[in-house]
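Here the sequence shown is numbered in the working numbering, starting from 480 and rising by one per residue. So the structure is just underneath, and the comments pick up after that.
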Amino acid sequence: MRRKAVSEILGAILIIVVAVIASVVFYNYIMGIVAQPPDTEAERSIIVIEALKQENQELIAYLRNVGNIPVTISSAYLVDHSSKTVVKSYLSLSVSIEPKELKQINLDITGVSPGLYIVKFVTSAGGSVSLLVYLS
480 MRRKAVSEIL GAILIIVVAV IASVVFYNYI MGIVAQPPDT EAERSIIVIE ALKQENQELI
540 AYLRNVGNIP VTISSAYLVD HSSKTVVKSY LSLSVSIEPK ELKQINLDIT GVSPGLYIVK
600 FVTSAGGSVS LLVYLS
């Protein structure tokens with residue numbers, strides 16, 4: 480009878496050891512998956528308006544692509560700030576901007592009354608950037 484009690488204790492210890500080892504292996508596997516950095520940097524297109532200035536009947540915008548893929552500006556809009564209506568639209572721009580490149584875009588504002596406006600640029604991928612500007 481003594482031998483049977485010893486084998487039951489050894490069996491219980493063996494099961495505990497196997498469970499602990501399996502837990503450690505599983506934990507290391509999961510931590511390895513979670514802690515892995517991505518293989519490549521995600522491709523992003525980010526446009527910023529660095530400056531806007533008005534010269535006579537022209538609004539000059541300086542846009543920079545701070546992303547890591549080329550971007551095409553496909554359209555621009557001049558929106559009245561108070562009524563939120565589109566005053567002028569520029570639908571056929573097609574201005575390509577390479578990563579880290581600064582581009583100048585000239586918009587004709589002939590006939591636009593003085594006041595506050597939102598200038599909005601839209602990319603061919605659907606992204607947009609806008610800025611509030613006072614036109615005199």
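No residue lacks a Cβ here, since even glycine has one placed at the ideal position from N, Cα and C.
Asked, Found
"Using a 10 Å radius around the Cβ and a threshold of 16 neighbouring Cβ atoms, would you call VAL550 buried or exposed?", "buried"
"When you compare only the Cα positions, how much space is there between ILE588 and TYR596?", "11 Å"
"Could you tell me the distance, in whole angstroms, from the CA atom of TYR613 to the CA atom of GLU522?", "34 Å"
"Under 9 Å between the Cβ atoms of GLU580 and ASN547?", "no"
"Straight-line CA distance for GLU537 to ASP559?", "17 Å"
"Whose C-alpha, out of LEU572, ILE584, ALA555, GLY590, is nearest the C-alpha of SER607?", "ALA555"
"I need the DSSP call for LEU570, collapsed to helix, strand or coil.", "coil"
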